[in-house]
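Here the structure is laid out as structure tokens; the discussion comes afterwards.
There are 2 protein chains.
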Amino acid sequence: MDELSILQELRHNAQELADNSPLGQLLWKNALKVHPADLSSFFEDLDDHLFDAIFPKFPRELKLEIFEHFSDAAKVRALAVMSEQDKIEALNRLPSDELTDLFDSFSDEELKANLHLLHRKSRENLLSLMKFSPESAGGIMNTDVITLVEDFTVEKSIHLLQRLRPRKDIYQQIYVTDRSQRLVGHINLEDLVLEAPQSRIGSFMHANELVASTDQDREQIAQEMRHYGLMSVPVVSEQNHFLGIISSETLVDVLVEEASEDVQKMSALAPMKQGYFDIPFYRLFYERSYILIGLLLAQSFTTTIMRSYEATLRLGSLLFFTNMLISTGGNTSNQTSALVIQGLATGDLRSANVRRFIKREILMGLALSCVLGVAAFARAYFFTRAFTESITISLALSAIVVIAVTLGSSIPLLLRRFNIDPAFSAGPFLATLMDILGVLIYCAICRLIFGA
Amino acid sequence: MDELSILQELRHNAQELADNSPLGQLLWKNALKVHPADLSSFFEDLDDHLFDAIFPKFPRELKLEIFEHFSDAAKVRALAVMSEQDKIEALNRLPSDELTDLFDSFSDEELKANLHLLHRKSRENLLSLMKFSPESAGGIMNTDVITLVEDFTVEKSIHLLQRLRPRKDIYQQIYVTDRSQRLVGHINLEDLVLEAPQSRIGSFMHANELVASTDQDREQIAQEMRHYGLMSVPVVSEQNHFLGIISSETLVDVLVEEASEDVQKMSALAPMKQGYFDIPFYRLFYERSYILIGLLLAQSFTTTIMRSYEATLRLGSLLFFTNMLISTGGNTSNQTSALVIQGLATGDLRSANVRRFIKREILMGLALSCVLGVAAFARAYFFTRAFTESITISLALSAIVVIAVTLGSSIPLLLRRFNIDPAFSAGPFLATLMDILGVLIYCAICRLIFGA
């Protein structure tokens with residue numbers, strides 16, 4: 001039986017597992033063969049009472065491995081049903097960056113109780129790490145890593161690795177310091193294999209291409225790591241003392257989280273750190289409804305505008321085209337700002353080529369306004385058979401498209417300049433602004449032409 | 001002078017660099033100190049004639065390093081001005097996964113000319129790799145990696161590494177095969193340091209937690225690598241022969257590209273593989289305009305609907321509220337589908353908990369429809385002072401919100417089932433559908449209540 005079908009069976013018969021029925025005992029045998037990462041997903045989907053009944057029954061080592069794969073919310077749940085001894089082991093095994101994440105999600109009381117379970121040194125380390133913002137290099141670095149000193153020989157370094165290995169993580173790049181812990185360079189793990197046992201680390205180490213300070217923004221670091229093609233980066237204090245590293249695992253997490261945040265900001269969602277099921281219903285409801293209500297009220301401004309141009313709009317079929325006009329404005333501005341946001345995120349768009357970008361977008365705005373204007377005229381004339389009306393609609397649409405491209409390309413750049421995430425501009429906020437502007441432009445052009 | 005100001009100076013005086021003026025010669029000295037990754041950005045922003053004048057003047061080794069950091073479009077441009085010898089060196093140095101990417105962007109003629117420059121073995125390798133889809137494991141794997149055989153001793157393995165190192169890449173996980181190249185496990189690079197020289201690889205190797213086949217989708221692999229917390233994954237043939245690996249560098253690239261694609265699909269943009277400036281103007285214009293025109297025409301369907309309910313809508317202020325109603329529908333459906341897309345992308349939402357998700361969203365839809373209905377009533381009554389009108393608007397909005405949550409949560413799941421990227425459903429397509437449905441619902445409810 002493969003893992004997938006075992007998992008499915010476990011899910012369907014979770015109650016039997018909890019009850020230790022004859023079928024349950026059979027299932028147990030299979031359950032122990034499943035990869036801890038998959039078991040962690042199994043537990044995360046379980047109702048609380050089943051979780052509490054089944055999780056403690058797993059053998060200790062497997063329980064600890066599953067624990068490492070849990071989301072922070074599931075870790076909190078698991079800690080509540082673990083023995084004191086298991087908790088101590090589980091917490092002390094986590095690398096420092098995951099430990100800070102977990103402790104950030106504790107209530108004050110849980111924090112106090114769990115802090116107590118850490119070994120003295122980890123506790124001190126954790127407390128000093130929790131001072132850094134979770135969005136900064138200091139907040140995401142792993143401090144449990146092996147470093148070497150430049151005048152060590154290869155042989156001595158290998159002994160050190162052997163001694164520290166179970167407690168400290170080894171990455172492919174090992175950072176090198178001088179005797180007073182100041183960062184001086186790095187070696188690659190394979191250098192220890194390939195260099196002679198008596199050669200000194202300092203004689204073959206490489207310079208660091210990128211060094212992060214504790215307060216640097218994690219998104220910026222991720223972008224620089226990609227730019228220089230690096231899979232890890234050292235973090236240093238103001239005095240250049242080595243503090244920890246940002247590993248490729250962390251880089252991947254940061255990229256995925258930042259991409260999620262962008263999508264959320266583009267979709268009328270407040271950025272959320274937790275998974276969908278880890279957020280309580282009432283909080284998700286609050287986060288979703290207040291933005292929608294805000295947008296509804298902002299949008300209803302169009303009603304007021306249209307009312308004041310009522311006489312003009314009631315002519316012919318003019319009123320029936322507002323939807324088409326303002327939707328096109330919203331789509332155009334979204335499309336443009338998404339391009340800018342992407343360009344900024346990937347580094348394609350940078351201060352050195354902003355001018356070239358603006359020139360290109362002005363041209364693009366004009367070209368788009370021409371073809372969309374023609375399309376709108378065709379559609380309107382087909383519907384109304386009224387030439388002046390169709391021309392009015394087409395003119396309004398062209399004007400709206402030019403404004404949409406202008407705002408869509410400039411607002412993300414402006415936000416960026418004021419250190420606001422440009423992703424906010426794609427999506428509903430800019431679209432609502434374009435709705436209001438679109439109605440204004442349409443009404444003004446209608447009045448200009450029909451005079452009413 | 002720091003790198004940033006050197007770069008800025010180079011940019012402003014690129015003509016001097018090209019002309020070899022006295023100032024230019026001064027600049028050259030600084031230019032040679034800049035990191036190749038930054039020089040590559042400098043060149044990518046340069047006009048063609050300056051690129052062609054300056055790039056060939058760089059010292060050979062630096063030129064080759066800059067080349068490695070170039071985007072595919074810039075690589076093509078650089079190859080055009082490089083000597084035969086430099087081209088051979090540059091192409092043969094690229095790892096197999098980057099080489100296939102580059103060759104995919106060549107025209108047929110360029111392909112032929114450049115294929116000729118590869119060493120015979122790389123050429124054969126490349127040709128066999130180019131048969132795989134660039135979205136599959138086969139298309140993104142690196143084949144230039146060192147593998148070990150299970151009955152090698154540590155000592156022999158180290159000799160092998162020393163011999164192959166300049167030509168092959170070493171990653172932290174080294175995969176292990178049997179004598180007939182069938183994958184049997186992996187070791188960590190540090191094992192070679194920590195194990196005794198005479199112990200055999202097979203005696204301490206670990207089982208592989210995840211193995212990819214050549215035709216597996218790259219997005220799925222990236223998701224599984226994150227699930228199991230792996231930074232590399234081996235790719236095997238149907239007969240389990242080792243073919244190559246997907247490294248953490250590639251994982252990062254895949255995640256960033258897939259995130260870009262999601263944002264594009266959510267923003268009325270066709271997914272684009274190239275950077276903004278690498279896409280010719282007319283192609284970008286085409287990609288942007290045809291989607292906008294399509295949406296415009298689809299949207300204009302609302303005009304037809306409203307026309308047929310004209311008599312009802314002309315009552316009171318009913319017509320002035322259509323914008324507010326349909327925008328709210330679009331925002332609600334976007335918000336909901338973004339949540340689903342995110343959940344699917346991060347693995348929070350999986351077949352095991354889809355039911356729980358649907359239950360939760362039904363409740364959420366009802367809750368949202370209540371509070372938004374109240375908000376809409378308040379807004380409408382404040383504006384019209386007409387009770388029946390305001391109730392009508394509020395009822396319509398509530399109905400629209402329920403439909404928006406229903407479609408927003410079910411359409412991405414349906415798309416996924418039919419193997420279409422769910423990201424298509426967030427953004428303009430679903431929003432346009434909601435516009436049309438919104439107008440229909442509104443008109444129907446108006447007629448029901450006012451009967452006209």
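Chains as they are written, first to last, in full-length UniProt numbering: chain A, 1 to 452; chain B, 1 to 452.
For every residue, glycine included, the Cβ atom is placed at its ideal position computed from N, Cα and C.
Only residues of its own chain outside the window of five on either side were considered, and among them D72 and K75 have a CB closer than 6 Å to the CB of B:L102, listed in chain order.
By the Cβ test, the region 435-449 of chain A is not in contact with the region 409-427 of chain A, since fewer than three Cβ pairs between them sit closer than 8 Å. Residue pairing of B:Y175 in beta bridges, as defined by DSSP: B:H186.
Between the region 279-296 of chain B and the region 205-223 of chain B, the count of Cβ pairs shorter than 8 Å is below three; the stretches do not touch.
Per DSSP, A:P234 is one residue of the beta strand (DSSP E) stretching across V233 to V236. Between B:L189 and A:L189, the C-beta gap is smaller than 8 Å, which places the two residues in contact. For B:F242, the uninterrupted beta strand (DSSP E) segment begins and ends at F242 to I246.
Close partners of B:R360 in chain A (Cβ separation under 9 Å): Y276, F277, F281 and L284. DSSP links B:T153 through a beta bridge to B:R200. Of the residues assessed, A:G451 falls on the exposed side of the cut-off, its CB having fewer than 16 other CB atoms within 10 angstroms.
Bridge partners of B:D217 according to DSSP: B:S136. The DSSP-derived three-state label of A:V145 is strand.
When Cβ pairs closer than 8 Å are counted between the two stretches, the region 350-360 of chain B is seen to touch the region 39-50 of chain A, the count reaching three or more. Following the DSSP letters along the chain, one finds B:P36 inside the alpha helix (DSSP H) bounded by residues P36 to E44.
Cβ contact annotation for A:L4 (same chain, cutoff 6 Å, sequence separation greater than five): none. A:H35 reaches chain B at E209 and Y228, counting residues in chain order whose Cβ is nearer than 8 Å. Residues of chain A whose Cβ lies closer than 7 Å to the Cβ of B:R11 are, in chain order, A352. Distance between A:I341 and A:K168, taken at the CA atoms: about 39 Å. Contact between A:V235 and A:G244 holds: their C-beta atoms lie close to 5 Å from each other, under 8 Å. By the Cβ test, the region 214-223 of chain A is in contact with the region 131-145 of chain A, since at least three Cβ pairs between them sit closer than 8 Å.
Counting every other CB atom within 10 Å of its CB across the protein chains shown gives A:S333 a total of 16 or more, marking it as buried. Non-local beta-carbon contacts of A:G139 in its own chain, meaning distances under 6 Å to residues more than five positions away in sequence, involve F132 and S133 in chain order. For A:I358, the enclosing alpha helix (DSSP H) has its first and last residue at V354 to T384. Per DSSP, the continuous alpha helix (DSSP H) segment holding B:V439 begins and ends at P428 to F450. Under the three-state reduction of DSSP output, B:A338 falls in the helix class. Neighbours of A:I341 in chain B, taken as residues at a C-beta separation under 8 Å, are given in chain order as V263.
Ranking B:I246, B:H119, B:H241 and B:R179 by CA distance to the CA of B:Q223 puts B:I246 first. In the DSSP secondary-structure assignment, A:D169 is bridged to A:V145. Listed in chain order, the alpha helix (DSSP H) runs fully inside the region 255-305 of chain B are 281-299, counting runs of at least 4 residues. The beta carbon of B:I420 sits no closer than 8 Å to any beta carbon of chain A.
Annotation: Cβ neighbours of B:Q299 in chain A (cutoff 8 Å, chain order): N323, M324, S327 and T328. B:R93 places its beta carbon 8 Å or farther from that of A:L194.
Boundaries of the alpha helix (DSSP H) harbouring B:K121: R120 to L129, taken from the DSSP string.
Between the alpha carbons of B:D52 and A:A268 lies a distance of about 46 Å. Remark: C-beta atoms of B:G373 and B:S394 approach each other more closely than 8 Å. The region 298-309 of chain A makes no contact with the region 273-281 of chain A, as fewer than three CB pairs between them are under 8 Å.
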